[in-house]
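Asker: Let me begin by handing over the structure; questions about it come next.
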Amino acid sequence: MKKNYKTKNNTSRLVPLLFFLLVVFCSACSKKSQEIEQIIKTKTDIYSYEVTCNACEIQFLDRNNNTKKVINNNGKWSYSFDGADAAELKINVITTSSAYQNINAYILKNNEVIYGELGYNNFELLYNVKSGQRSMAYGSYSPGPGVPGSNGGNTKPTSSLCGAKNKTGGYCQRVVSGGGRCWQHR
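So the sequence shown is residues -28 to -1, 1 to 158, counted in mature numbering (1 follows the signal peptide of the UniProt record, and there is no 0).
Here's what the structure looks like:
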């Protein structure tokens, strides 16, 4: 009987140990499933083009790297896409009017301007997502006949993200309704 009592006592000591090991094992499994969920929920960057012009033609590379064309745009135009597959972003804008015209063109990443400027009559932006290399070419303003003298340099770039350059050479990130400039830049 003494022998039976010792066996029963040893078994009762093992139950809490087994319960503890079961809890540790189950919690370890739940951590792995949480890590998998976090990997799945990883946010990809959203890239977009933003152009403001009147009577212009816009050519751009879409999410599938195909060239698309928008003819006779008037006002603000934008195009957004998931940047998971984006390798190169390219946009060309030319006026379809014979009169001089401002063109504001920007490339944005997660609604923040990463590249762009104000140009006149034609504009090309190129940005490589992988390397960060970028290039820009745009026309300069030269008044035509019948247009009173203007230096063409007084107009500042604007976008829904203000677009004005700050002292460090970056862009103002304040969101402005209607595409105007931040009050600090007026």
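Positions of the beta carbon are idealized from the N, C-alpha and C atoms, including for glycine. Just so you know, these numbers come straight off a predicted model, no measurement behind them.
Determine, using beta carbons only, whether residue 77 and residue 23 come nearer to each other than 7 Å.
Answerer: Here residue 77 is taken as the residue at index 105 of the sequence shown, counted from 1. Here residue 23 is taken as the residue at index 51 of the sequence shown, counted from 1. It is a contact, given that the beta carbons lie within the stated cut-off.
Asker: Since residue 105 and residue 64 should fall inside the 8 Å C-beta cutoff, what is the C-beta to C-beta distance between them, to a whole number of angstroms?
Answerer: If you number the sequence shown from 1, residue 105 lands on position 133. If you number the sequence shown from 1, residue 64 lands on position 92. Not confirmed; about 17 Å, so no contact.
Asker: Just list the residues that DSSP pairs residue 106 with in beta bridges.
Answerer: Taking the sequence shown and counting its residues from 1, the one referred to as residue 106 is at position 134. 99, per the DSSP bridge assignment.
Asker: Excluding sequence positions up to five away, which residues of its chain have a Cβ less than 6 Å from the Cβ of residue 69?
Answerer: By one-based count along the sequence shown, residue 69 stands at place 97. 27.
Asker: Does DSSP put residue -17 in a helix, a strand or coil?
Answerer: Along the sequence shown, read from residue 1 onward, the residue named residue -17 stands at position 12. DSSP places residue -17 in helix when its eight states are reduced to three.
Asker: Should residue 95 go down as buried or exposed, given a rule of 16 or more other Cβ atoms within 10 Å for buried?
Answerer: Numbered from its first residue, the sequence shown carries residue 95 at position 123. The residue is buried, with at least 16 neighbouring Cβ atoms inside 10 Å.
Asker: Taking only the alpha-carbon atoms, compute the straight-line gap between residue 60 and residue 80 and give it to the nearest angstrom.
Answerer: Taking the first residue of the sequence shown as position 1, residue 60 is located at position 88. Taking the first residue of the sequence shown as position 1, residue 80 is located at position 108. Residue 60 and residue 80: Cα-Cα distance of roughly 13 Å.
Asker: Taking only the alpha-carbon atoms, compute the straight-line gap between residue 52 and residue 66 and give it to the nearest angstrom.
Answerer: For this step, residue 52 is matched to residue 80 along the sequence shown. For this step, residue 66 is matched to residue 94 along the sequence shown. So the alpha carbons of these two residues sit roughly 20 Å apart.
Asker: I'd like to confirm the pairing. Which residues does DSSP put opposite residue 48 in its beta bridges?
Answerer: Position 76 of the sequence shown, counting from 1, holds the residue named residue 48. Answer by DSSP bridge pairing, in chain order: 24.
Asker: Does residue -6 pass the burial test, meaning 16 or more other C-beta atoms within 10 Å, or should it be called exposed?
Answerer: Taking the first residue of the sequence shown as 1, we reach residue -6 at position 23. Exposed, because fewer than 16 other Cβ atoms sit within 10 Å of the Cβ of residue -6.
Asker: With a threshold of 8 Å on Cβ separation, who are the neighbours of residue 73 within its own chain once the five nearest residues in sequence on each side are excluded?
Answerer: Here residue 73 corresponds to residue number 101 of the sequence shown, with the count starting at 1. Once the five neighbours on either side are set aside, the close Cβ partners of residue 73 are 25, 26, 27, 28, 67, 92, 93.
Asker: Per the DSSP calculation, residue 54 is bridged to which residue(s)?
Answerer: By one-based count along the sequence shown, residue 54 stands at place 82. The partner list for residue 54 (beta bridge, DSSP) reads 18.
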